[in-house]
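Q:
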Amino acid sequence: MNGARLQVQGLGAGYGGFAVLRGIDLSVTPGLTVVLGPNGAGKTTLLKALAGLIPRTGTVMLDDTLLPVRQPGVAVRRGMALVAEGRQLFAQMSVADNLELGGWLATRAQRAERLRQAFADFPRLAERARQLAGTMSGGEQQMVAVARALMSAPRLLMLDEPSLGLAPRMVDELLAIARRIADAGTTVLMVEQNVRKALAVADTAHVLEHGRLVASGPAADLARSDVFRQAYLGTTG
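Next up, the structure:
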């Protein structure tokens, strides 16, 4: 699988006439890209706008295809998937049924094969295939959400705060899963609050403040930057 390239120019978005994002120019290449920033910076709004869930201005190109505004189904068909903050599973449905819903565009044979692959990639979910999703731990539910998104065979996977509210060990596991997905050929764009751990697994990082991108570069370089470390990690050492 070849990872997608996302090219964003002049992106603006907000809610009810209130602008949250202004003039965002963003390039996402194959690998794992993380968007960092304080609460209220517009990170979730960015992913929603890219996915076509809210109105936006500017242009969003997935590879060489222009993605239309407010048509999330088109974005999915063209290879984009979003794992929203809060997971949004069907709590009274089994793990297997939640996953199958993620393959709604696939044929029955494709869906069966992707389900088999999902259980191979997430052995813990295979063990709990018939368990109701709402009875699982937060970390396990996040795994279901990620696996469900992969059922659409996306070329670009967007993750909104995958580690939110999880225990440190589960945070490490989920970020390792994101890294593994990127290494397997799916481009990953991730919004994350855990700056230190996100930079450790990412290839590229962007910093969003007050609706504007204020820094971009290789994740390792940002992690070593004294200005960045003082602002986001509370240290210069």
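Residue numbers (this note's numbering): 885 to 1121. Cβ atoms here follow ideal geometry from the backbone N, Cα and C, with glycine treated the same way.
Residues in the same chain with beta-carbon distance under 8 Å from LEU1097, minus the five sequence neighbours each way, listed in chain order, please.
A: Start at 1 with the first residue of the sequence shown, and residue 1097 comes out as number 213. So the qualifying residues of the chain are ILE908, ASP909, LEU910, HIS1090, VAL1091.
Q: In the structure shown, what three-state DSSP assignment does GLY887 receive?
A: For the purposes of this step, residue 887 is taken as residue 3 along the sequence shown, with counting starting at 1. Residue state, collapsed to three classes: coil.
Q: Where does the unbroken alpha helix (DSSP H) through THR991 begin, and where does it stop?
A: In the sequence shown, counting from the first residue as 1, residue 991 sits at position 107. Element bounds for THR991: n/a, residue is neither H nor E.
Q: In the DSSP assignment, find the beta strand (DSSP E) that holds ILE1065 and state where it starts and stops.
A: By one-based count along the sequence shown, residue 1065 stands at place 181. Careful: ILE1065 lies outside any beta strand (DSSP E), inside the alpha helix (DSSP H) at 1052-1067.
Q: Taking PRO1102 as the reference, which of ALA1062, THR913, ALA1033, GLY887 has the closest Cα?
A: Against the sequence shown, residue 1102 aligns to sequence position 218. Ranking the options by Cα distance to PRO1102, first place goes to THR913.
Q: Return helix, strand or coil for ALA1099, following the three-state DSSP convention.
A: Looking up residue 1099 in the sequence shown gives position 215. Of the three classes helix, strand and coil, the one that applies to ALA1099 here is strand, per DSSP.
Q: Would you list, in sequence order, the uninterrupted alpha helix (DSSP H) runs of no fewer than 4 residues that lie entirely inside the segment 899-966?
A: Entirely contained in the segment 899-966, the alpha helix (DSSP H) runs reaching 4 residues are, in chain order, 927-935, 956-961.
Q: Which partner residues of THR1071 appear in the DSSP bridge assignment?
A: To locate residue 1071, count along the sequence shown from 1; it is residue 187. The partner list for THR1071 (beta bridge, DSSP) reads LEU1040.
Q: Thinking just about the alpha-carbon of each residue, which of ASN1078, TYR1116, ARG1053, PRO1038 is nearest to the one in VAL960?
A: Translated into the one-based positions of the sequence shown, residue 960 becomes position 76. Answer by Cα proximity: PRO1038.
Q: Suppose you measure from the CA of LEU999 to the CA of GLU984; what does that come to, to the nearest Å?
A: Numbered from its first residue, the sequence shown carries residue 999 at position 115. Numbered from its first residue, the sequence shown carries residue 984 at position 100. Between LEU999 and GLU984, the C-alpha separation is close to 7 Å.
Q: ALA1029 and VAL953: beta carbons closer than 8 Å?
A: Residue numbering aside, residue 1029 sits at position 145 when the sequence shown is read from its first letter. Residue numbering aside, residue 953 sits at position 69 when the sequence shown is read from its first letter. No, the pair does not count as a contact, with Cβ atoms beyond the cut-off.
Q: With the cut-off set at 8 Å, would you say ALA1084 and VAL1072 are in Cβ contact?
A: Translated into positions along the sequence shown, residue 1084 becomes position 200. Translated into positions along the sequence shown, residue 1072 becomes position 188. No, the Cβ-Cβ distance between ALA1084 and VAL1072 is not below 8 Å.
Q: Quickly, what does DSSP pair GLN893 with across the bridge? List them, please.
A: Along the sequence shown, one-based indexing puts residue 893 at 9. Note: GLN893 sits in a beta bridge opposite THR943.
Q: Compute the beta-carbon to beta-carbon distance between MET1074 and LEU916, rounded to the nearest angstrom, for a pair I have assumed lies under 8 Å.
A: Residue 1074 sits at position 190 when you count from the first residue of the sequence shown. Residue 916 sits at position 32 when you count from the first residue of the sequence shown. MET1074 to LEU916, Cβ: 7 Å. Contact.
Q: Distance check for THR949 and LEU1106, CA to CA, integer angstroms please.
A: Counted from its first residue, the sequence shown places residue 1106 at position 222. Counted from its first residue, the sequence shown places residue 949 at position 65. Roughly 31 Å separates the two Cα atoms.
Q: Check this for me: beta carbons of LEU973 and ALA1017, under 8 Å apart or not?
A: Stepping through the sequence shown from its first residue, residue 973 is reached at position 89. Stepping through the sequence shown from its first residue, residue 1017 is reached at position 133. The answer is yes: Cβ separation under 8 Å.
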